[in-house]
Amino acid sequence: MTTATGTGHRAAAAAVLVVGGGAVAAASWVSGDHGFAVALVAFYVVAATVAFVWAGGKGDVAAIMRAGGDERQRGLDRDATAITGLVMSIAAIAGAVVQTARSADPGAYGVMCVVGGITYTVSLVLLRRRR
Amino acid sequence: MKGMSQGELAGVLGVSRQTINSIENERYLPSLPLALAIARCFSSAVEEIFNPDKEDMK
Numbered sequence: 005m006t007t008a009t010g011t012g013h014r015a016a017a018a019a020v021l022v023v024g025g026g027a028v029a030a031a032s033w034v035s036g037d038h039g040f041a042v043a044l045v046a047f048y049v050v051a052a053t054v055a056f057v058w059a060g061g062k063g064d065v066a067a068i069m070r071a072g073g074d075e076r077q078r079g080l081d082r083d084a085t086a087i088t089g090l091v092m093s094i095a096a097i098a099g100a101v102v103q104t105a106r107s108a109d110p111g112a113y114g115v116m117c118v119v120g121g122i123t124y125t126v127s128l129v130l131l132r133r134r135r
Numbered sequence: 349m350k351g352m353s354q355g356e357l358a359g360v361l362g363v364s365r366q367t368i369n370s371i372e373n374e375r376y377l378p379s380l381p382l383a384l385a386i387a388r389c390f391s392s393a394v395e396e397i398f399n400p401d402k403e404d405m406k
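Protein chains in written order, with the numbering used here: chain P, 5 to 135; chain G, 349 to 406.
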């Protein structure tokens with residue numbers, strides 16, 4: 005285990021915003037909503053610029069945005085990711101339950117539940133081999 | 349930590365100043381490699397610097 009502060013890359017978070025935002029904007033453009041697509045591009049360009057400037061700082065969040073940081077900062081990122089996954093799983097399960105109660109197709113909620121369950125199981129099996 | 353600023357110690361160990369601050373204020377228990385590095389930095393044994401409660405080790 006390394007303890008040193010990883011350098012990371014200042015553009016990491018900005019790149020995620022540009023790629024993710026670009027994909028959503030492209031989907032919106034393809035759907036025919038050109039005005040909304042342009043607005044999304046403008047929003048994500050501003051967000052990516054803010055992220056790039058922020059990632060140049062010295063704080064914990066800046067280090068995590070660079071996908072670098074030391075062991076404590078990586079631990080913070082890992083814990084925040086775990087909490088996010090847990091909350092999203094609960095939301096997906098709740099959504100699937102509500103849809104089923106309405107006699108409707110769970111749809112995307114059901115897919116998220118299946119993907120989450122499979123991902124957790126496979127991750128657990130693989131991680132056990134490493135520790 | 350005596351005789352050294354948090355920033356200086358962070359620089360020597362290759363971690364952030366915030367991490368040194370968290371260790372010093374007992375909000376964060378470092379990994380064994382980092383604890384050993386800190387102990388070496390002060391020419392001390394790990395147990396002279398860190399004395400976690402048994403509850404923390406569960």
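Glycine is no exception: its CB is placed at the ideal position from the N, C-alpha and C atoms.
Which class does G114 (chain P) belong to by DSSP, given the choice of helix, strand or coil?
Of the three classes helix, strand and coil, the one that applies to G114 (chain P) here is helix, per DSSP.
Among the candidates P:Y113, P:G121 and P:T11, whose CA atom is the shortest distance from the CA of D64 (chain P)?
Among P:Y113, P:G121 and P:T11, the Cα nearest to that of D64 (chain P) belongs to P:T11.
Classify G73 (chain P) as helix, strand or coil using the three-state DSSP reduction.
In the structure shown, G73 (chain P) sits in a strand (DSSP, three-state: E or B).
Applying the criterion that 16 or more other CB atoms from any shown protein chain within 10 Å of the CB defines a buried residue, is L130 (chain P) buried or exposed?
Exposed, by the Cβ-count rule.
Please decide whether R76 (chain P) counts as near chain G, where near means a Cβ-Cβ distance under 8 Å.
Answer yes: the Cβ-Cβ gap between R76 (chain P) and chain G drops below 8 Å somewhere.
Assign E395 (chain G) to one of three DSSP states: helix, strand, or coil.
Of the three classes helix, strand and coil, the one that applies to E395 (chain G) here is helix, per DSSP.
Flag D64 (chain P) as yes if its beta-carbon sits less than 8 Å from any beta-carbon of chain G, otherwise no.
Answer yes: the Cβ-Cβ gap between D64 (chain P) and chain G drops below 8 Å somewhere.
Take F56 (chain P) and list the residues in its own chain whose beta-carbon comes closer than 8 Å to its own, dropping the five residues that flank it on each side.
Excluding sequence neighbours, F56 (chain P) sits near R14, A15, A17 and A18.
Could you work out which residues of chain G lie near A18 (chain P), taking near to mean beta carbons separated by less than 9 Å?
Correct list: empty, because the minimum Cβ distance to chain G is about 21 Å.
Would you please verify whether the beta carbon of A52 (chain P) is less than 8 Å from any beta carbon of chain G?
So no, A52 (chain P) is outside the interface.
What do you reckon, are the CB atoms on A59 (chain P) and A66 (chain P) nearer than 8 Å?
The answer is yes: Cβ separation under 8 Å.
Identify the continuous alpha helix (DSSP H) that holds H38 (chain P) and give its terminal residues.
Here the alpha helix (DSSP H) through H38 (chain P) covers H38 to W58.
Counting contacts by CB-CB distance shorter than 8 Å, is A95 (chain P) in contact with chain G?
Closer than 8 Å: no.
When you compare the stretch 379-394 of chain G with the stretch 352-362 of chain G, are there three or more beta-carbon pairs, one atom per stretch, that lie closer than 8 Å?
Touching, yes.
Hey, quick one: how far does the alpha helix (DSSP H) through E356 (chain G) stretch, first residue to last?
Counting along the chain, the alpha helix (DSSP H) containing E356 (chain G) begins and ends at Q354 to L361.
Note down, in chain order, every chain P residue with its Cβ under 8 Å from the Cβ of S370 (chain G).
What S370 (chain G) touches in chain P: R76.
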